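Working notes, beginning with the structure itself.
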Amino acid sequence: MRIRDVALVCLTVPAALLLTVGYAAATPTPEYPLDPAAEAASKVYPGDPVPRSRSMATAFVGVPSDYVYNTKLKPVARHDYCTSAPDSYFAADFRGPCARHDMCYDRADAAGTDYTACNSALRADMITNCVYAYGTSGTALQTCKATAEIYWAAVTVTHLD
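Per the working numbering, the sequence shown starts with residue 802, numbered consecutively.
Structure, rendered in structure tokens:
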């Protein structure tokens, strides 16, 4: 098993635990009522996006005008936005950050450099789009940022070898 495969399993198991923890098969009773905060936190949908007027003051990372979406281009897993991962986290659009990441990898390959700066920029760009979609605080923002961290960890681990 390669390092990447082990890391993906490690990322998958905690994610599965996070998704199942909030769905225990317990029936609320008068003695043990359902906590409204726990119920709200267990919902997969994080909430509505920030109203457009409020989010307009925040930056948005869009798809570069010279990006070519083409899944047949080499190397594989480039020029396809976020490859096999979803291109968004509900209202947070990750296509721009992923497109810029693809293009950064192309430039790094041409220059013979590693992908560290590309991966760091991916994380920052995704978090920027999380803030654009969900504002500067709240559960929706935190879960969006956690999703960005998982994407960053996955691409970083994938390119260790």
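Glycine included, C-beta positions come from ideal geometry on N, C-alpha and C. Keep in mind the model is a prediction, meaning the values are calculated, not measured.
In the DSSP annotation of this structure, the continuous segment of the alpha helix (DSSP H) that includes Tyr952 starts and ends at Thr940 to Thr959. For Gly936, there is no enclosing alpha helix (DSSP H), as DSSP marks it with neither H nor E. At a Cβ-Cβ threshold of 8 angstroms, Asp907 and Arg924 do not count as neighbours. With 16 or more other Cβ atoms inside 10 Å of its own Cβ, Ala900 counts as buried. Pairing Asp926 with Gly863, the inter-Cα distance amounts to about 9 angstroms. The residue from Ala860, Gly897, Thr944 and Ala912 with its alpha-carbon nearest to that of Phe891 is Thr944.
The C-alpha of Arg896 lies about 47 angstroms from the C-alpha of Pro831. Here Asn871 is exposed, its C-beta having fewer than 16 other C-beta atoms within 10 Å. According to the DSSP assignment, Gly897 belongs to the alpha helix (DSSP H) that extends over Arg896 to Ala912.
Rounded to whole angstroms, His960 and Tyr933 show a C-alpha spacing of 29 angstroms. By the beta-carbon neighbour count (other beta carbons within 10 angstroms, threshold 16), Asp915 is exposed.
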